[in-house]
């Protein structure tokens, strides 16, 4: 089994650990977080380094995934994505076996699809996204890079979520509509 390191050790990391364990494709080698958290653990996985250790960790571990969440801003997630790319880490998409992703859909690198999410035919999800638990991405919808589609959010057919968007829990994007920026929980975007 290939080893992978996780970058970010907070609450989102715990959820991603669960997905990785369920998926069974990668063995978690450790977590990268802030210096002050070294030697702590997250769900039994040690924090083995901080950002400045990534070049050395890349020599041993070619696979990495960003496990830092995106609520107020995705600035740190985007910086980490570019850093990991510059270090030539392979960042796979991770898809929960409890999710449904149509074989006619596309999910790009470094994206995590959480438990019970649905991604239907001809939908496209970009790089470095979080498709959270029970989110629905309908047919022909597009979620661009660096987005977070929150729990139980609905992106209807043909809709587009623009790059760097946070789409809140239980928010709804109407068919063929566009959304960008910060969409608060429960919103309806027409």
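In my numbering, the protein residues as written are 24 to 213. Cβ coordinates follow ideal geometry from the N, Cα and C atoms, glycine included. Since the structure is predicted, the reported quantities are computational estimates derived from the model, not experimental observations.
task = Classify residue 106 as helix, strand or coil using the three-state DSSP reduction.
result = helix
query = Which one of 116, 177, 126 has the shortest CA to CA distance from residue 151?
reply = Closest in alpha carbon position to residue 151, among 116, 177, 126, is 116.
request  = Alpha carbon to alpha carbon, how far is residue 182 from residue 90? Give it in angstroms, no decimals.
outcome  = 26 Å
request  = List the whole-angstrom C-beta distance separating residue 133 from residue 104, where the pair is believed to meet the contact cut-off of C-beta under 8 Å.
outcome  = 6 Å
With 16 other Cβ atoms within 10 Å as the buried cut-off, status of residue 66 = Residue 66 comes out exposed.
task = With DSSP as the reference, label residue 77 as helix, strand or coil.
result = helix
task = Find the nearest neighbour of residue 194 within the set 200, 176, 184, judged by alpha-carbon distance.
result = 176
Cβ neighbour criterion (16 or more within 10 Å) applied to residue 209 = exposed
request  = Confirm, please, whether the CB-CB distance from residue 70 to residue 32 is below 8 Å.
outcome  = Yes. Within cutoff.
ask   = Which class does residue 34 belong to by DSSP, given the choice of helix, strand or coil?
value = helix
Opening and closing residue of the beta strand (DSSP E) in which residue 53 lies = 49-55
inquiry  = Determine whether the beta carbon atoms of residue 27 and residue 121 lie at a separation below 8 Å.
reply    = no
ask   = DSSP state of residue 82, grouped into three classes?
value = helix
inquiry  = By the three-class DSSP mapping on this structure, what secondary structure does residue 126 have?
reply    = Coil at residue 126, not helix or strand.
query = What distance in whole Å lies between the Cβ atoms of residue 155 and residue 170, which are believed to be in contact at a cut-off of 8 Å?
reply = About 11 Å separates the two Cβ atoms, so there is no contact after all.
query = Is it buried or exposed for residue 136, if we count other Cβ within 10 angstroms and need 16 for buried?
reply = Buried is the call here.
query = Based on Cα-Cα distance, which residue from 84, 147, 68 lies nearest to residue 185?
reply = 147
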